[in-house]
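Asker: Would you mind keeping the following structure in view while I ask a few things?
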Amino acid sequence: MTDQVVSMSATSQSSTDGEQPTTASKEQRLQQYLAEKATDGELYFKSKFIADEVGLSAKEIGALMVKLSKSCTNLEIEKWSYTSATTWRVEPA
Numbered sequence: 001m002t003d004q005v006v007s008m009s010a011t012s013q014s015s016t017d018g019e020q021p022t023t024a025s026k027e028q029r030l031q032q033y034l035a036e037k038a039t040d041g042e043l044y045f046k047s048k049f050i051a052d053e054v055g056l057s058a059k060e061i062g063a064l065m066v067k068l069s070k071s072c073t074n075l076e077i078e079k080w081s082y083t084s085a086t087t088w089r090v091e092p093a
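Mapping the sequence shown onto UniProt numbering, position 47 (from 1) lands on 47, and the numbers just tick up by one.
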C-alpha cells in the first residue's frame, strides 16, 4: 500500500447557482473526494488542508467525517491523531 498525504495546495470551487448545498450533498461530495484520493492506499489529512478543494469549511469537514466514519461502507475512516487539529486516516474498505 502507498501512504498518501494531502498537500496544502488547494483549488477553490465556487457554486454558480448561488444555492447552498444540502448536508447530504456535502456529505456525498466529501465521500467522493476521499474515495478518489484513497484509491492508491491510505490517505492522511487535516480538514483545513482540503477545505478549499472540497468546497467546505474545516468545521463542516470535521462534522461530516464523524458521520462518515459511522455510515460509510466503502471507506475505513479513523481519527488518527490530534495535534492542533485532528488528522484523519482514510483507506478503501
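Don't be surprised by glycine CBs; every beta carbon is placed ideally from N, CA and C.
Computed from a prediction, not measured in an experiment: that's the story for all the values here.
1) For L64, report the span of its beta strand (DSSP E) as first-last.
2) For E91, report the span of its beta strand (DSSP E) as first-last.
3) Got a sec? Which residues, its chain only, sit under 8 Å from L30 by beta carbon, not counting five neighbours each side?
4) When the Cα of A93 is compared with those of K26, A35, S25, which residue comes out closest?
5) Can you name the start and end residues of the beta strand (DSSP E) that E76 belongs to?
Answerer: In short, the structure shows the following:
1) Where L64 is concerned, there is no enclosing beta strand (DSSP E), although the alpha helix (DSSP H) around it starts and stops at 58-71.
2) Run containing E91: 86-92, per the beta strand (DSSP E) assignment.
3) Take L30, set aside five residues on each side of it, and the residues of its chain with a beta-carbon closer than 8 Å to its own are V54, L56, I61, L64, M65, L68, in chain order.
4) The shortest C-alpha separation from A93 is found at A35.
5) Segment 75-82, the beta strand (DSSP E) holding E76.
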